[in-house]
Amino acid sequence: MSNDKAGEGKPSKHIRLTSHPGQQGSNGSPIIHWGAGSASERGPVIGTTTNRSQRNVIGTHSGSYGVYRALAVAAGNLVKGHRADLTNTSPTDLIGPHPQWCDAEKMVSIDPWGASVADVFSDHIAQGYDVRPTIAVTKAHIDLPEIHHALTFHRLIPDNRIFLENGSAVVTKVAIEPVWWLPGVAKRFNVSESDLRRNLFEETGGMYPELVTRSDLEVFLPPIGGQTLYIFGNPKDLANPEVTLTARVHDECNGSDVFGSDICTCRPYLTHAIEECIRGAQQGGVGLIAYSRKEGRALGEVTKFLVYNARKRQLGGDSADKYFLRTECVAGVQDMRFQELMPDVLHWLGVQKIHRLVSMSNDKYNAIVGSGIDVGTRVKIPDELVPADAQVEIEAKIAAGYYTDGAVPDETSLASTKGRDLDG
Ligand SMILES: [Zn+2]
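Going by our numbering, the sequence shown opens with residue 1, and the numbers climb by one from there.
What follows is the structure in structure tokens.
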């Protein structure tokens, strides 16, 4: 297998169609020119299963939910070939276009035109092409006990604009499905496109043969969860480096985020970030929570719970010095979140500077700064918000390079930082 990098020397078996904007592929589907200067030059992403001759990508829309769609068709609940009626579904707020949208280096895992397909690809839709949105933008109020607490204790004062008298906050929220341009993803990970394609094919159990048989198809709709954004204040301000941006990029942790499990700092850090975002927006800035579906460091929740047991049953009990080791024993790696693709969503929003980054993760910080976005202050989780049983996690992470303005624990300190027993 060759070791060439995407974008440099291509392996000879990768035959590239050189074509002009608007030109059609061998089966009549529009060709995608990733990174082109406009939507019409770029071409629509068509992942329909209704009309296979229109398809110009590998995979289908809505990632893993395609399996539920198959069940619904099999069970007779969904008519095969249903076309979405997109009446009144257009975004509540327009995002972009931003210069980053036309830079094949800046964005490789999101279709920048994914929210506005009904508008920018109206001609294709009128011609009968099944072009579907991969991004949806709407408005909501969010209501969280921790934010009520902030109201009760006067940490936040209602303004009837961003933060209401009843303790809820006004947000714009955005759902984003992943759309991977494989040459760019390969380059981001410094691997050859052919190696990436072969591993995607093999590790999904051969689910997508086109990964290895159709090198002319460069775009993949992967069967993974996407991202959700919660924006506080005017979304247009996200692209203005003069407006103070408070942001957290958060990776899913169902146990803590939803159920309040106290073994980690995920929910307290998330709700602290929401409070910071509201406060920042009230002061004339803008706030952003970017939430990625990467449960249990993208290892999945079964692996995560196995690790919890291994941590708490090991000789000497759960301790910070063995925190990463136990994960590696079960999963083979410490972490599979790979923050390399995470900054794409920031570039989609036009972000140039994050004034206050509510994260201690060195991986996230390095990915953001490495992608060309300035970061001002890093905001750590307040000590009083760290649950007792989560001291193991936070101390281990700080020792491994997470940002802190306090002391970095040494080996002795890590060994003496203990968590609760399983039956404790
Ligand atoms: Zn967690």
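Quick reminder that beta carbons are idealized off the backbone N, C-alpha and C, glycines included.
Pick out whichever of GLY167, VAL137, THR89 and PHE163 has its Cα sitting closest to the Cα of PRO145.
What you label residue 145 is simply residue 145 of the sequence shown in a count that begins at 1. The shortest C-alpha separation from PRO145 is found at GLY167.
So, with DSSP's three-state summary, where would you put ILE453?
Any question about residue 453 goes unanswered here, given that the chain covers just 1 to 424.
Taking all protein chains shown into account, do 16 or more other C-beta atoms lie within 10 angstroms of the C-beta of SER109, making it buried, or fewer, making it exposed?
On the sequence shown, position 109 is the one that residue 109 refers to. That one is buried.
Report buried or exposed for VAL57, applying the criterion of at least 16 other Cβ atoms within 10 angstroms of its Cβ.
Counting from one through the sequence shown, the residue named residue 57 turns up at place 57. Around the Cβ of VAL57, a 10 Å sphere holds 16 or more other Cβ atoms; the residue is buried.
Contact the region 215–223 vs the region 321–328: 3+ CB pairs below 8 Å
no
Could you check if CYS329 belongs to the surroundings of ligand 1, using beta carbon to heavy atom distance under 6 Å?
What you label residue 329 is simply residue 329 of the sequence shown in a count that begins at 1. For ligand 1, not one heavy atom lies less than 6 Å from the Cβ of CYS329.
Can you say whether ALA388 is buried or exposed, counting buried as having 16 or more other CB atoms within 10 angstroms of its CB?
Here residue 388 refers to the residue found at position 388 of the sequence shown. Under the 10 Å beta carbon count, ALA388 is surrounded by fewer than 16 other beta carbons and is classified as exposed.
Can you tell me which of the three DSSP states THR412 falls into?
For the purposes of this step, residue 412 is taken as the residue at position 412 of the sequence shown. Of the three classes helix, strand and coil, the one that applies to THR412 here is helix, per DSSP.
Could you give the uninterrupted runs of the beta strand (DSSP E) lying entirely in the region 321–386, keeping only those of 3 residues or more?
353–357 and 374–378
Same chain, Cβ closer than 6 Å to VAL73, neighbours up to 5 away in sequence not counted
The residue labelled residue 73 in the question sits at position 73 within the sequence shown. Closer than 6 Å at Cβ, skipping near neighbours: LYS80.
Ligand 1 and SER292: does any heavy atom of the ligand fall closer than 6 Å to the residue's C-beta?
Translated into the one-based positions of the sequence shown, residue 292 becomes position 292. It does not: the Cβ of SER292 is nowhere closer than 6 Å to a heavy atom of ligand 1.
By alpha-carbon positions, which one of VAL45, LEU78 and LEU182 ends up nearest to SER116?
Counting from 1 along the sequence shown, the entry for residue 116 is found at position 116. Of the candidates VAL45, LEU78 and LEU182, the one whose C-alpha sits nearest the C-alpha of SER116 is VAL45.
Note down, in chain order, each residue of its chain lying with its Cβ closer than 7 Å to the Cβ of GLY424, except the 5 sequence neighbours on either side.
Taking the sequence shown and counting its residues from 1, the one referred to as residue 424 is at position 424. Answer for GLY424: no residue qualifies.
Starting from the C-beta of ASP410, find all residues in its chain whose C-beta is less than 7 Å away, skip the five residues before and the five after it, and write them out in chain order.
Counting from one through the sequence shown, the residue named residue 410 turns up at place 410. Nothing meets the Cβ criterion.
Taking the beta carbon of THR412 as the centre, do at least 16 other beta carbons fall within 10 Å, making it buried, or is it exposed?
Your numbering for residue 412 matches position 412 in the sequence shown. So THR412 ends up on the exposed side.
Spell out the partners DSSP gives GLN54 in its beta bridges.
Counting from 1 along the sequence shown, the entry for residue 54 is found at position 54. Paired residue(s): none; GLN54 is not in a bridge.
At a cut-off of 6 Å, would you count CYS277 as near ligand 1, judging by its Cβ distance to the nearest heavy atom?
The sequence position of residue 277 within the sequence shown is 277, counting from 1. CYS277 Cβ: outside cutoff for every heavy atom of ligand 1.
Beta strand (DSSP E) runs wholly inside the region 161–220, at least 3 long, in chain order
169–176
CA-CA distance, ARG420 and ALA150?
Residue numbering aside, residue 420 sits at position 420 when the sequence shown is read from its first letter. Residue numbering aside, residue 150 sits at position 150 when the sequence shown is read from its first letter. For ARG420 and ALA150, the distance between alpha carbons rounds to 29 Å.
In the DSSP assignment, what residue or residues form a beta bridge with LEU245?
Numbered from 1 along the sequence shown, position 245 holds the residue referred to as residue 245. Answer is VAL286.
Quick one: what does DSSP say LYS139 is sitting in, helix, strand or coil?
One-based indexing of the sequence shown puts residue 139 at position 139. LYS139 falls in the strand class under three-state DSSP.
Close Cβ partners of GLN314 (< 8 Å) along its chain, the five nearest in sequence each way excluded
What you label residue 314 is simply residue 314 of the sequence shown in a count that begins at 1. These residues qualify, in order along the chain: LYS322 and ARG326.
Is SER256 close to ligand 1? I mean its beta-carbon at under 6 Å from any heavy atom of the ligand.
Position 256 of the sequence shown, counting from 1, holds the residue named residue 256. For ligand 1, at least one heavy atom lies less than 6 Å from the Cβ of SER256.
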